[in-house]
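Comments concern the structure below.
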Amino acid sequence: MMPSSASLGRPSARRRHALDIRDRVAGWLDRSAMPLFDLAVRLTMAPIFFRSGLQKIGDWPATLFLFQEEYRVPLLPPDVAAALAAATELTMPVLLVLGLATRLAAVPLLAMALVIQFVLGAGNPAFSNPQHYFWMLLLTGLILRGGGRLSLDHWLLRFSRRQTGDRP
């Protein structure tokens, strides 16, 4: 009796066809859907922090008061913490939207989300918000994956490789 192709470790024609379809769908998702997802993550996170930065500079005396009384960040004087927070919230989201230095831009925003949730949240339960975990997850994804194919990072890397003759 001859062993079947499946028993020899070779997939049947039907199974090979199913695997081929799976591979084509996965390839399409990687090429087409993931760049859009990466862009959507960047465009979701950017306005959250940018609006907060605008709010801080819109009423600077109130911001300083909040950093002195409510947002007590360890190790930093309140005026320095307020200035750093506002500068970070106004610059890093712009980089995220452009997809420029995406990984680097996501790091201080992740740090801010961590401080809000775990430092300020430890002192005041009003700052403890499950939504911050979602922010942390998305920002960590940007740090790990970068800005994706629809980013200046990607295009600058491609341009640089063309200039030096390197292949991706």
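To convert, note that position 80 of the sequence shown is 1093 in the working numbering; the numbers rise steadily by one, no gaps.
The C-beta atom is built at its ideal place from N, Cα and C for all residues, glycine as well.
These numbers come from a predicted model, not from an experiment.
Rounded C-alpha distance that separates residue i from residue j
{"i": "Gly1071", "j": "Leu1049", "result": "33 Å"}
{"i": "Leu1123", "j": "Leu1152", "result": "6 Å"}
{"i": "Leu1163", "j": "Ala1096", "result": "31 Å"}
{"i": "Leu1023", "j": "Arg1029", "result": "The question names Leu, yet the displayed sequence has Arg at residue 1023. So the alpha carbons of these two residues sit roughly 9 Å apart."}
{"i": "Arg1037", "j": "Arg1027", "result": "15 Å"}
{"i": "Gln1068", "j": "Ala1139", "result": "19 Å"}
{"i": "Leu1088", "j": "Trp1168", "result": "39 Å"}
{"i": "Gln1176", "j": "Arg1044", "result": "24 Å"}
{"i": "Phe1147", "j": "Gly1154", "result": "11 Å"}
{"i": "Ser1025", "j": "Ala1046", "result": "30 Å"}
{"i": "Gly1040", "j": "Ala1135", "result": "44 Å"}
{"i": "Phe1075", "j": "Glu1083", "result": "In the sequence under discussion, the amino acid at residue 1075 is Ala, which differs from the Phe named in the question. Distance between the alpha carbons of Ala1075 and Glu1083: 11 Å."}
{"i": "Val1132", "j": "Arg1035", "result": "45 Å"}
Within 8 Å, strictly: CB atoms of residue i and residue j
{"i": "Val1110", "j": "Arg1171", "result": "no"}
{"i": "Leu1077", "j": "Pro1091", "result": "yes"}
{"i": "Leu1042", "j": "Gly1066", "result": "no"}
{"i": "Met1105", "j": "Ala1126", "result": "no"}
{"i": "Ala1118", "j": "Leu1108", "result": "yes"}
{"i": "Arg1116", "j": "Gly1159", "result": "yes"}
{"i": "His1145", "j": "Ile1156", "result": "no"}
Residues near residue i in its chain [Cβ-Cβ closer than 6 Å; skip 5 each side]
{"i": "Arg1085", "result": "none"}
{"i": "Gly1161", "result": "Pro1048, Asp1051"}
Same chain, Cβ closer than 7 Å to residue i, five either side skipped, listed in chain order
{"i": "Ala1031", "result": "none"}
{"i": "Gln1081", "result": "Pro1091"}
Member of the options whose CA lies at the smallest distance from the CA of residue i
{"i": "Leu1079", "options": "Ala1098, Ile1061, Leu1088", "result": "Ala1098"}
{"i": "Leu1165", "options": "Phe1147, Val1132, Gln1130, Leu1113", "result": "Leu1113"}
{"i": "Pro1121", "options": "Met1058, Ser1045, Ala1053", "result": "Met1058"}
{"i": "Trp1073", "options": "Phe1131, Leu1133, Ala1100", "result": "Ala1100"}
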